[in-house]
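A.B. asks: In full-length UniProt numbering, the protein residues as written are 1 to 782.
Below is one structure. I have some questions about it.
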Amino acid sequence: MTLISGFLAANVRDFKQTNSSPRPTEQLLHADLISVQPGFSLYQLSEEFPAVVPYKVEEITIPADVTPERVPTHIVDYSEAEQTDEQLDQEISKANVICIVYAVNNRKSLEKVTSHWIPLINERTDKDSRVPLILVGNKSDLVEQSSMENVLHIMNKYTEIETCVECSAKNLKNISEMFYYAQKAVLHPTGPLYCPEGKQMKPACVRALTRIFRISDLDNNSILSDAELNFFQRVCFSSPLAPQALEDVKKVVKKNMPDGVCEDGLTLQGFLFLHSLFIQRGRHETTWAVLRHFGYDNDLELHQDYLFPPLKIPADCSTELNHNASLFLQSVFDKHDKDQDGALNPSELKEVFDVFPYMPWGPDVNNTVCTNDHGWITYQGFISQWMLTTYLDVQRCLEYLGYLGYSIVAEQESQAAAITVTRSKCVDLQQKQTQRCVFLCNVFGSSGSGKSSFLQAFIGRNLNHQKTIRDEHKSHYAINAVHVYGQEKYLLLHEICSDLDFLSESDLCCDVVCLIYDVSDPDSFDYCVRVFMQCFVDSKLPCLMVAMKSDLQEEKQQHDVTPLEFCRTHVVPPPQAYSVNTVTTPSRDVFIKLATMATYPHLRLRCMCTCNRCTFCLCQNFLNSEVLHAVKAKLYTLVFSSKLPCLMVAMKSDLQEEKQQHDVTPLEFCRTHVVPPPQAYSVNTVTTPSRDVFIKLATMATYPHLRLRCMCTCNRCTFCLCQNFLNSEVLHAVKAKLYTLVFSRFSSFFSSSSSSFSSSSSFFSSSSSSSSFFSSSTLFCP
Ligand SMILES: Nc1ncnc2c1ncn2[C@@H]1O[C@H](COP(=O)(O)OP(=O)(O)OP(=O)(O)O)[C@@H](O)[C@H]1O
């Protein structure tokens with residue numbers, strides 16, 4: 001029998017594990033087998049021991065389904081007789097694991113392991129990333145007794161040796177075991193986890209397991225309860241622990257480490273002890289399974305695929321946190337708000353980020369979002385900051401969610417499940433509605449005009465409070481929640497540098513523009529004019545002018561026209577007087593206006609009030625409500641074909657009412673045919689009979705297309721007052737004027753429905769499609 005000379009090295013290379021597919025079956029593993037040691041052959045691949053063993057066998061791949069770890073294993077043979085040292089070097093550099101084979105009946109071959117092969121391999125590999133080695137004692141069929149005691153001292157000396165195994169190439173003994181150990185050494189290496197000299201886990205491993213403990217400690221009481229342990233077990237191993245097994249685990253820990261169990265749960269010390277026990281007993285695959293489920297790679301770093309899962313964001317779309325992610329972040333906040341005061345004090349905030357490799361939020365965050373009187377971030381502020389990160393830098397948001405273990409705790413496929421990619425803004429504009437929740441407002445103004453003050457006012461700080469903010473802690477952003485017609489939206493204000501020469505394209509990209517001037521500075525308005533004319537005069541972006549420091553003496557602005565005239569000419573809402581010099585929190589109305597303009601850019605001709613309290617707003621909310629839209633749609637379907645308005649009058653209503661001889665009552669009949677309910681009427685009155693019914697008839701005749709509207713014409717209730725206002729000649733004149741002014745400017749924007757805008761009357765009338773037929777503008781503007 002000719003034997004292959006040299007040693008056998010099983011090189012497992014290109015090991016690549018993704019966190020979205022962390023199980024070994026989905027891992028990619030190549031093993032290059034280099035066989036150069038006398039006494040070993042690749043017989044096991046053919047399961048026949050050849051009469052003549054060739055110097056070198058061709059490359060072979062063992063398919064995943066026949067390997068114990070279920071990974072494909074690529075094997076390359078190496079022959080000292082046929083190949084060069086360079087080729088050997090190349091194979092070693094590609095190797096993930098090397099099996100050094102010696103003959104158990106040949107002392108010299110074992111000596112060569114330490115005198116030649118291990119130094120040679122170590123010379124060619126980096127000290128910090130040693131390739132794991134397996135010692136393989138071949139030809140066990142030729143000896144009576146195991147020679148394991150001869151290799152134990154070698155194993156103790158070289159920590160890179162993962163394990164040793166005796167086998168027989170001739171009678172197939174322990175051959176598959178050898179491959180199992182080789183694969184295990186790659187998939188579950190001891191090296192990164194454990195330091196055999198110190199008999200303890202390495203610091204990186206302790207750090208990773210500590211983070212895992214903190215994430216799994218859902219109530220943050222520093223103890224893993226049975227429920228938390230079961231959750232952890234289910235997440236990592238897909239099934240909960242049996243109650244008895246749970247008790248046994250705690251018993252073992254308590255016996256060896258009394259501090260390891262507290263209040264019938266595992267402490268961090270106990271959790272770490274359990275893992276060092278696994279590793280010491282050769283069960284490090286258990287620890288690896290845990291580490292990998294929590295996103296770690298072979299170097300105990302969080303895997304890039306775990307932190308940055310693929311997320312496609314088409315142009316013109318934005319990114320927002322979805323509801324599930326908000327719930328998760330709420331649980332993170334609640335977990336760390338130990339004193340339950342609704343805010344995170346500095347030590348609570350630090351604890352939130354203990355699972356991060358660095359502190360992600362600087363002191364500027366406290367001036368970007370809402371805080372309490374102590375300057376501590378409130379729940380609203382906490383969520384707002386996450387909204388900001390998601391909007392401005394979604395990759396960073398994914399990374400942060402990864403550190404917090406979002407995909408694990410929320411049991412999601414990846415961190416990407418936390419993100420909603422919104423519909424394109426262009427489509428929103430065309431459809432005249434949006435599902436977006438976060439809107440960006442860029443704030444422009446000359447130096448000193450009050451931009452920073454405006455931003456700070458948005459998070460509730462008046463001038464006195466603002467004076468306490470240190471320059472180095474100032475922020476160019478402010479974000480807060482606002483209600484737009486009853487819906488919660490986040491408005492993100494961004495202060496843009498005053499130097500017009502440095503304006504970038506991204507500075508002009510937002511949902512609404514805020515132009516600030518200082519009423520006490522005569523030159524500041526001119527700056528707004530320049531920004532508007534240079535950047536926004538031809539754009540479709542809604543703009544709002546804010547007259548800051550309105551409490552100070554107003555100076556005449558150094559410009560040809562007044563701010564009000566300028567706004568009129570360019571169909572921008574009139575300047576909004578604003579001051580942060582208030583005793584209490586500055587007013588929020590202007591921010592609600594900005595958010596409304598951002599949410600409904602196509603509705604910019606409507607009344608600017610968005611206080612959500614006044615009659616107009618209450619009517620608006622009602623008219624925008626889903627119930628009303630559904631009813632309108634139904635009614636529309638019913639009566640679409642009919643054109644003449646009808647009114648049923650129940651005369652002699654002062655007399656005793658008799659049941660009408662008809663299948664249905666008058667009221668039911670009216671309801672079925674979408675006719676207003678019968679109007680009780682009597683002329684048997686002391687004074688002049690009531691005129692209400694005649695007003696109704698006149699109203700129906702005047703506005704026949706509005707017959708689906710509320711029939712109330714009392715002229716006293718909220719609806720009637722709004723109606724009167726909206727139907728008033730003044731308003732119509734203003735609307736007509738605005739229309740004339742802006743029609744040319746927005747013609748492209750409205751081009752899709754240009755036929756509806758061919759005359760001023762049709763501009764405000766209903767179109768023929770059912771959705772626009774019932775739109776609020778139709779209802780309000782006959
Ligand atoms: N109503 C007010 N009365 C008096 N002073 C005010 C008022 N509002 C703001 N200020 C002050 O005006 C100054 C300039 O305001 P602010 O820093 O907000 O302007 P800015 O536009 O951000 O300036 P820059 O572009 O230089 O950053 C600040 O000192 C601020 O305290």
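Ideal Cβ positions, reconstructed from N, Cα and C, are used throughout, including at glycine.
Quantities reported herein were computed from a predicted structural model and do not represent experimental measurements.
1. According to DSSP, is residue 56 helix, strand or coil?
2. Below 8 Å, can you find three or more Cβ-Cβ pairs linking the stretch 644-651 to the stretch 690-701?
3. May I have the straight-line CA-CA distance separating residue 89 from residue 194, to the nearest angstrom?
4. Below 8 Å between beta carbons: does that hold for residue 441 and residue 490?
5. Run through DSSP, which three-state label would residue 178 get?
6. Measuring alpha carbon to alpha carbon, tell me which of 142, 533, 457, 190 ends up nearest residue 285.
7. Does the stretch 576-583 come into contact with the stretch 547-556, if we say contact requires no fewer than three beta-carbon pairs (one atom in each stretch) closer than 8 Å?
8. Throw me the rounded Cβ distance for the residue 528 and residue 448 pair, which I believe falls under 8 Å.
9. Identify every run of the alpha helix (DSSP H) within the stretch 225-278, keeping only runs that are complete inside it and at least 4 residues long; order them along the chain.
10. Give the single residue among 245, 117, 126, 81 whose Cα lies nearest to the Cα of residue 94.
11. Near residue 640, which residues of its chain fall below 7 Å by C-beta distance, leaving aside the five closest residues on each side in sequence?
12. Return helix, strand or coil for residue 649, following the three-state DSSP convention.
13. List the residues that DSSP assigns as beta-bridge partners of residue 480.
14. Could you give the distance in angstroms between the alpha-carbon of residue 710 and the alpha-carbon of residue 658?
15. Heavy atom of ligand 1 less than 7 Å from the Cβ of residue 545, yes or no?
16. How big is the Cα-Cα spacing for residue 326 and residue 172?
17. So residue 439 packs on residue 598, CB below 8 Å; how close in whole Å?
18. May I ask which residues mark the beginning and end of the beta strand (DSSP E) holding residue 517?
19. Using a Cβ-based criterion (distance less than 7 Å to any ligand heavy atom), does residue 551 qualify as near ligand 1?
20. On a Cα-Cα basis, can you pick out the residue from 140, 385, 162, 461 that is closest to residue 130?
21. Sorted by chain position, which residues of the same chain lie with C-beta nearer than 6 Å to residue 204's C-beta, five sequence neighbours on each side aside?
22. Hey, could you find the ends of the alpha helix (DSSP H) residue 486 is sitting in?
23. For residue 409 and residue 215, which I take to be in contact (beta-carbon distance under 8 Å), what is that distance rounded to the nearest angstrom?
24. Going along the chain, which residues of its own chain have a beta-carbon closer than 6 Å to the beta-carbon of residue 541, five neighbours each way excluded?
25. Is residue 477 near residue 368, with beta carbons less than 8 Å apart?
26. Are there any heavy atoms of ligand 1 lying less than 7 Å away from the beta-carbon of residue 460, as far as the coordinates show?
27. Just how far apart, CA to CA, sit residue 59 and residue 83?
28. In whole angstroms, what separates the C-alpha of residue 254 from that of residue 584?
29. Would you mind stating whether residue 243 and residue 234 have Cβ atoms separated by less than 8 Å?
30. Who are the Cβ neighbours of residue 405 in its own chain at under 6 Å, not counting the five residues just before and after it?
31. Does ligand 1 have even one heavy atom less than 7 Å from the beta-carbon of residue 466?
32. Taking contact to mean 3 or more Cβ pairs, one atom from each stretch, closer than 8 Å, check whether the stretch 295-310 and the stretch 213-232 are in contact.
33. If we call anything under 8 Å between Cβ atoms a contact, is residue 418 one with residue 291?
34. Are the stretch 449-456 and the stretch 343-360 in contact at 8 Å, needing three or more beta carbon pairs?
35. With burial defined as no fewer than 16 other Cβ atoms inside 10 Å of the residue's Cβ, what is the status of residue 572: buried or exposed?
36. If you check the beta carbons only, do residue 427 and residue 313 fall under 8 Å apart?
C.D. replies: Result, derived from the coordinates:
1. Position 56 of the sequence shown, counting from 1, holds the residue named residue 56. Reduced to three states, the DSSP call for residue 56 is coil.
2. yes
3. Start at 1 with the first residue of the sequence shown, and residue 89 comes out as number 89. Start at 1 with the first residue of the sequence shown, and residue 194 comes out as number 194. So the two alpha carbons sit approximately 28 Å from each other.
4. In the sequence shown, residue 441 corresponds to position 441, counting from 1. In the sequence shown, residue 490 corresponds to position 490, counting from 1. Taking 8 Å as the Cβ cut-off, residue 441 and residue 490 do not qualify as a contacting pair.
5. For the purposes of this step, residue 178 is taken as the residue at position 178 of the sequence shown. Note: residue 178 maps to helix in three-state DSSP.
6. If you number the sequence shown from 1, residue 285 lands on position 285. Nearest option by C-alpha distance: 190.
7. yes
8. To locate residue 528, count along the sequence shown from 1; it is residue 528. To locate residue 448, count along the sequence shown from 1; it is residue 448. About 14 Å separates the two Cβ atoms, so there is no contact after all.
9. 226-237, 243-256
10. Position 94 of the sequence shown, counted from the first residue, corresponds to residue 94. Selected option, being the one with the closest Cα: 126.
11. In the sequence shown, counting from the first residue as 1, residue 640 sits at position 640. The predicted position of residue 640 is uncertain, since its pLDDT is 49 and thus under 50; no value can be drawn from it.
12. Stepping through the sequence shown from its first residue, residue 649 is reached at position 649. DSSP places residue 649 in strand when its eight states are reduced to three.
13. As a first step, residue 480 must be located in the sequence shown, where it is residue number 480. In the DSSP output, where bridge partners are listed per residue, residue 480 has 491.
14. The residue given as residue 710 occupies position 710 in the sequence shown. The residue given as residue 658 occupies position 658 in the sequence shown. Any reading at residue 710 is ruled out, since the residue's pLDDT is 46, under 50, leaving its predicted position unreliable.
15. Residue 545 sits at position 545 when you count from the first residue of the sequence shown. No - ligand 1 has no heavy atom lying nearer than 7 Å to the Cβ of residue 545.
16. Counted from its first residue, the sequence shown places residue 326 at position 326. Counted from its first residue, the sequence shown places residue 172 at position 172. Computed Cα separation, rounded: 58 Å.
17. Locating residue 439 in the sequence shown gives position 439, counting from the first residue. Locating residue 598 in the sequence shown gives position 598, counting from the first residue. 4 Å between Cβ atoms; contact.
18. As a working mapping, residue 517 is identified with position 517 in the sequence shown. From DSSP, the beta strand (DSSP E) with residue 517 extends over 512-518.
19. Here residue 551 is taken as the residue at index 551 of the sequence shown, counted from 1. Result yes, Cβ under 7 Å from ligand 1.
20. Stepping through the sequence shown from its first residue, residue 130 is reached at position 130. Taking only the C-alpha atoms, the option nearest residue 130 is 162.
21. As a working note, residue 204 is residue 204 in the sequence shown. Closer than 6 Å at Cβ, skipping near neighbours: 300.
22. By 1-based counting over the sequence shown, the position of residue 486 is 486. Neither: residue 486 is in no alpha helix (DSSP H) and is coded neither H nor E.
23. Looking up residue 409 in the sequence shown gives position 409. Looking up residue 215 in the sequence shown gives position 215. Rounded, the Cβ-Cβ distance is 6 Å, consistent with contact.
24. Locating residue 541 in the sequence shown gives position 541, where the first residue counts as 1. Once the five neighbours on either side are set aside, the close Cβ partners of residue 541 are 513.
25. Taking the first residue of the sequence shown as position 1, residue 477 is located at position 477. Taking the first residue of the sequence shown as position 1, residue 368 is located at position 368. It is a contact, given that the beta carbons lie within the stated cut-off.
26. Here residue 460 corresponds to residue number 460 of the sequence shown, with the count starting at 1. No, since every heavy atom of ligand 1 falls outside the 7 Å radius drawn around the Cβ of residue 460.
27. One-based indexing of the sequence shown puts residue 59 at position 59. One-based indexing of the sequence shown puts residue 83 at position 83. Distance between the alpha carbons of residue 59 and residue 83 is about 14 Å.
28. Along the sequence shown, one-based indexing puts residue 254 at 254. Along the sequence shown, one-based indexing puts residue 584 at 584. Looking at the two C-alpha atoms, the distance is approximately 57 Å.
29. In the sequence shown, counting from the first residue as 1, residue 243 sits at position 243. In the sequence shown, counting from the first residue as 1, residue 234 sits at position 234. Not closer than 8 Å, so no.
30. Stepping through the sequence shown from its first residue, residue 405 is reached at position 405. Counting only Cβ-Cβ distances below 6 Å, and skipping sequence neighbours, we find 215.
31. Here residue 466 is taken as the residue at index 466 of the sequence shown, counted from 1. Because some heavy atom of ligand 1 lies under 7 Å away, the Cβ of residue 466 counts as near it: yes.
32. no
33. Translated into positions along the sequence shown, residue 418 becomes position 418. Translated into positions along the sequence shown, residue 291 becomes position 291. The answer is no: Cβ separation not under 8 Å.
34. no
35. Taking the sequence shown and counting its residues from 1, one reaches residue 572 at position 572. Classification for residue 572: buried.
36. In the sequence shown, the residue the question calls residue 427 occupies position 427. In the sequence shown, the residue the question calls residue 313 occupies position 313. The answer is no: Cβ separation not under 8 Å.
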